[in-house]
């Protein structure tokens with residue numbers, strides 16, 4: 455009986471150490487075992503002059519495409535994204551504001567329920583202000599995300 459209790463204490467202690475170590479890694483600090491936190495690799499963009507050129511004898515091969523047409527990369531331009539618009543929807547139960555950027559629900563208020571902490575005011579579920587940052591994100595648009 456005493457051995458079983460000791461084994462359970464060891465398992466519990468080790469799981470707490472692993473949990474604390476994962477929390478340290480999540481916050482970006484060095485973990486207990488000395489490995490530095492993992493950062494995404496910085497990808498350096500290649501200069502445009504580093505476009506590979508075809509070998510001199512490559513044009514003589516049958517079915518070979520011209521080197522200049524096939525190896526040039528299209529130029530990409532950075533465009534500024536338009537400012538998000540707020541779309542307001544009001545029903546008999548809710549007052550909702552949806553951002554046009556990503557279809558995020560940025561404001562939701564229940565019209566038939568008063569707040570217990572603030573009498574006379576309705577319950578606000580989502581609010582995107584400086585004091586409170588509660589919103590529902592749909593993920594419809596994103597930079598490098600798989601959507």
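Residue numbers (our numbering): 455 to 601.
Cβ coordinates follow ideal geometry from the N, Cα and C atoms, glycine included.
Keep in mind the model is a prediction, meaning the values are calculated, not measured.
Residue i, enclosing alpha helix (DSSP H) - first and last residue
| i | result |
| --- | --- |
| residue 466 | 456–480 |
DSSP-derived helix/strand/coil call for residue i
| i | result |
| --- | --- |
| residue 542 | strand |
| residue 537 | coil |
| residue 587 | strand |
| residue 558 | coil |
| residue 572 | coil |
| residue 565 | strand |
| residue 553 | strand |
| residue 523 | Caution is warranted here: a pLDDT of 49 is assigned to residue 523, below 50, making its placement in the model unreliable, and no coordinate value can be reported. |
8 Å contact criterion, which residue i and residue j should meet: CB distance rounded
| i | j | result |
| --- | --- | --- |
| residue 560 | residue 566 | Not confirmed; about 21 Å, so no contact. |
| residue 590 | residue 558 | 7 Å |
| residue 471 | residue 457 | About 21 Å separates the two Cβ atoms, so there is no contact after all. |
| residue 540 | residue 562 | The pair is not a contact, with the Cβ atoms about 12 Å apart (cut-off 8 Å). |
Beta-bridge partners of residue i, as assigned by DSSP
| i | result |
| --- | --- |
| residue 547 | According to DSSP, which records beta bridges pairwise, residue 547 is partnered with nothing at all. |
| residue 446 | The question about residue 446 has no answer here: the residues shown for the chain are numbered 455 through 601. |
Endpoints, the beta strand (DSSP E) within which residue i is located
| i | result |
| --- | --- |
| residue 579 | 576–582 |
heavy atom of the ligand MG below 8 Å from residue i C-beta
| i | result |
| --- | --- |
| residue 461 | As presented, the structure is devoid of all ligands, the ligand MG included, so that no description of it is given. |
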